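Have a look at the structure below before the remarks.
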Amino acid sequence: MTESVVPPDDELVRIPLHFDSFYRSEYRSIFGLVYGLTGSKAVAEDLTQETFLRAHKSWDDVGRYDNPHGWVRRVASNLAMSRFRRLRSESKALVRLGVRNDWTMPTLSVEYEAFWDRVRALPKRQAQVVALHYLEDLSIAEIANVLEIAEGTVKAQLHRARSSLAKSLHAEKEDLR
186 MTESVVPPDD ELVRIPLHFD SFYRSEYRSI FGLVYGLTGS KAVAEDLTQE TFLRAHKSWD
246 DVGRYDNPHG WVRRVASNLA MSRFRRLRSE SKALVRLGVR NDWTMPTLSV EYEAFWDRVR
306 ALPKRQAQVV ALHYLEDLSI AEIANVLEIA EGTVKAQLHR ARSSLAKSLH AEKEDLR
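Each residue of the sequence shown is one higher than the one before, counting from 186 in the numbering used here.
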């Protein structure tokens with residue numbers, strides 16, 4: 186009698202996902218994540234395309250990852266946060282130079298605008314954790330996997346973000362009284 190022997194996982198060759206199907210299945214989700222982090226449909230479209238362009242260029246490797254979905258979310262959130270920081274720095278530089286800057290980034294609907302403005306003002310990691318948790322509905326473990334950090338770090342960042350958001354929203358309520 187012959188026994189079939191299955192090699193251990195580390196000896197198996199991972200079969201990559203097909204990029205086109207990956208793109209179609211992930212586009213809306215990544216767009217929503219970036220839109221929540223940037224508040225702009227146009228910027229979200231650009232950064233979502235940039236995210237998938239990077240994924241496509243590296244698809245031979247990315248397609249074989251255990252979690253290409255997490256990789257693309259990390260890239261998207263990093264691009265969104267980098268764009269926000271760059272715009273904020275440019276705006277501050279224009280103010281220092283005395284240049285009038287009437288341009289503002291388009292925003293989300295009025296009911297979410299204040300909340301997401303505050304999220305974007307959080308430290309990068311906290312904003313990423315909030316967006317992944319509330320926009321992507323990812324669990325603590327899934328966020329840890331996407332961002333390649335410990336679950337305890339995710340919990341701490343989410344707690345700090347919630348505390349900061351609660352304080353700023355409470356302060357706004359007090360100002361309105």
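Beta carbons: idealized from backbone N, C-alpha and C, even for Gly.
Model, not experiment: these values are computed from the prediction.
Where does residue i land, buried or exposed, given buried means 16+ other C-beta within 10 angstroms?
i	result
residue 318	buried
residue 310	buried
residue 205	exposed
residue 298	exposed
So for residue i, helix, strand or coil by DSSP?
i	result
residue 355	helix
residue 252	coil
residue 215	helix
residue 362	Because the pLDDT at residue 362 is just 46, under 50, the model does not fix this residue reliably, and the point stays unresolved.
residue 328	helix
residue 230	helix
residue 203	coil
residue 322	coil
residue 307	coil
residue 333	coil
Once you ignore the five residues that flank residue i on each side, which residues in its own chain have a CB closer than 8 Å to its CB?
i	result
residue 216	229, 230 and 233
So, under 8 Å CB-CB, residue i and residue j are touching, yes? Tell me the CB distance rounded to an integer number of Å.
i	j	result
residue 267	residue 222	Wrong, their Cβ atoms sit about 10 Å apart, outside the cutoff.
residue 316	residue 304	7 Å
Whose C-beta lies closer than 7 Å to the C-beta of residue i among residues of the same chain, with five residues either side of it excluded?
i	result
residue 257	211, 215, 236 and 240
residue 208	237
residue 335	329
Could you give the distance in angstroms between the alpha-carbon of residue i and the alpha-carbon of residue j?
i	j	result
residue 347	residue 333	21 Å
residue 355	residue 312	19 Å
residue 324	residue 340	10 Å
residue 370	residue 301	Summary: the structure shown does not reach residue 370, with the chain confined to residues 186 through 362, and so no result is reported for it.
residue 320	residue 307	16 Å
residue 343	residue 203	34 Å
residue 265	residue 227	12 Å
residue 322	residue 243	26 Å
residue 270	residue 349	19 Å
residue 225	residue 327	26 Å
residue 218	residue 251	21 Å
residue 249	residue 260	16 Å
Keeping to the same chain, check which residues put their C-beta closer than 6 Å to that of residue i; ignore five residues upstream and five downstream.
i	result
residue 253	247
residue 366	Since the first and last residues shown for the chain are 186 and 362, residue 366 lies out of range.
When you compare the CB of residue i with every CB in chain D, is at least one pair closer than 8 Å?
i	result
residue 204	This model lacks chain D altogether, as it is built from one protein chain only.
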